[in-house]
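Numbering (my numbering), first residue to last: 245 to 506.
Virtual Cβ for every residue (Gly too), placed ideally from N, Cα, C.
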Amino acid sequence: MKRILSLSLFAVLALTGNAAFAEDACTKITATGHPQYPAIAYKDGDNIAGAAPMLVEAIAKNLKVPLESKYMGTWEEAQAAARDGKADMIFGIYYNDERATYLDYVKPAFMFDEVVVFVAKGKAFTYKDENDLIGKKGVTNQGESYGNDFDAFIKDKLTVARADGIDAAFKELLAGNADYVIAGYYSGLAEAAKEGVKDQVEALSPAILEAEMFVAFSKKSPCRSLAPGFSQGITEMTTNGTFDTMLQDATSAWDAAQQSNK
Numbered sequence: 245m246k247r248i249l250s251l252s253l254f255a256v257l258a259l260t261g262n263a264a265f266a267e268d269a270c271t272k273i274t275a276t277g278h279p280q281y282p283a284i285a286y287k288d289g290d291n292i293a294g295a296a297p298m299l300v301e302a303i304a305k306n307l308k309v310p311l312e313s314k315y316m317g318t319w320e321e322a323q324a325a326a327r328d329g330k331a332d333m334i335f336g337i338y339y340n341d342e343r344a345t346y347l348d349y350v351k352p353a354f355m356f357d358e359v360v361v362f363v364a365k366g367k368a369f370t371y372k373d374e375n376d377l378i379g380k381k382g383v384t385n386q387g388e389s390y391g392n393d394f395d396a397f398i399k400d401k402l403t404v405a406r407a408d409g410i411d412a413a414f415k416e417l418l419a420g421n422a423d424y425v426i427a428g429y430y431s432g433l434a435e436a437a438k439e440g441v442k443d444q445v446e447a448l449s450p451a452i453l454e455a456e457m458f459v460a461f462s463k464k465s466p467c468r469s470l471a472p473g474f475s476q477g478i479t480e481m482t483t484n485g486t487f488d489t490m491l492q493d494a495t496s497a498w499d500a501a502q503q504s505n506k
């Protein structure tokens, strides 16, 4: 009798566990990213388009899990969505210790991104490294992080305001309210072109840093169990030329969209 009761209890627990597992299983990935980082990621209606969503959509398809790349607000709001579990995944994100408290980063990184100092043309200053920014006024996008080391340098040594978008940062620069803008090189040029100010700004050399861009899962998402599959997919697609093609296609799509808007 005791054996029958024990087996019955085991069966109940097993069924309960299976039900809980089914409830927590990843049946769809809701992903988001930077709304102003062409051609890696950018807002396209209610979605985020670009090379990064192309990459994760292809990997998800191979894993037979549907993925939706959704616009969830500013870059700061997109990070909050991942932190709160409203988004299962965020892509095109740099690593820092604070973000790692709520994100599971998928390694390897899918690309390296140059971060540079933009200035107004005709107003360049002597620049060899970040120490030459001390005493000047800078501006960058709200919610941006440039890694633990440079974030600490900004906090301790620099005067850097936060603008609501890279476009707004360039407006502050060209209005004379800032001496420089910190932004990704390619995304900065793309945004400047979109705003019609590409000929009014220039990037100083060398780059401040070259940062790794990652895909990461929210620690609150059941889809984080798919990290090994995404790791394998990223490794394959960044070594066999697939992601390079995606980046070229995304750049062409972005350029075509800007031409059609003129």
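For Met333, the enclosing beta strand (DSSP E) starts and ends at Met333 to Ile337. In this chain, the beta strand (DSSP E) harbouring Val350 covers Leu347 to Ala364.
Straight-line spacing of the CA atoms in Tyr286 and Phe394 works out to 25 Å. DSSP places Tyr430 within a helical segment (H, G or I) once states are collapsed to three. With a minimum length of 4 residues, the unbroken runs of alpha helix (DSSP H) contained wholly in the stretch 270 to 314 fall at 295 to 306.
Note on the stretch 450 to 483: whole beta strand (DSSP E) runs with a minimum of 3 residues are 453 to 462, in chain order. In this structure, DSSP gives Thr384 an extended state, which the three-state scheme calls strand. Of the candidates Asp408, Thr384 and Gly409, the residue whose Cα lies closest to the Cα of Ile398 is Thr384. The straight-line gap separating the alpha-carbon atoms of Phe474 and Val350 is approximately 7 Å. Across the structure, Thr370 and Ala413 are spaced so that their CA atoms are roughly 21 Å apart. Short of 6 Å from the beta carbon of Gly294, and not among the five residues preceding or following it, lie these beta carbons of its own chain, in chain order: Ala283, Ile284, Ala285, Tyr286 and Ala494.
Under the Cβ criterion (8 Å, minimum of three pairs), the stretch 347 to 363 does not count as touching the stretch 305 to 315. For the pair of segments examined, the stretch 476 to 486 was found not to touch the stretch 444 to 455: the number of CB pairs separated by less than 8 Å stays below three. Burial state of Ser504 is exposed, judged by a 10 Å Cβ sphere holding fewer than 16 other Cβ atoms.
Boundaries of the alpha helix (DSSP H) around Thr495: Thr486 to Ser504. The beta carbons of Asp332 and Ser469 sit no closer together than 7 Å. In the three-state scheme derived from DSSP, where H, G and I count as helix and E and B as strand, Ala419 is classed as coil. A direct Cα-to-Cα measurement between Trp498 and Asp408 gives close to 21 Å. In the DSSP assignment, Glu446 falls within the unbroken beta strand (DSSP E) covering Val445 to Ala447. Closest in alpha carbon position to Lys365, among His278, Lys463, Ile273 and Val445, is Val445.
Put simply, the backbone Cα of Leu377 is about 42 Å away from that of Ala304. Counting of Cβ neighbours within 10 angstroms places Ala269 among the exposed residues, the total staying below 16. Here DSSP, grouped into helix, strand and coil, assigns Ala325 to helix.
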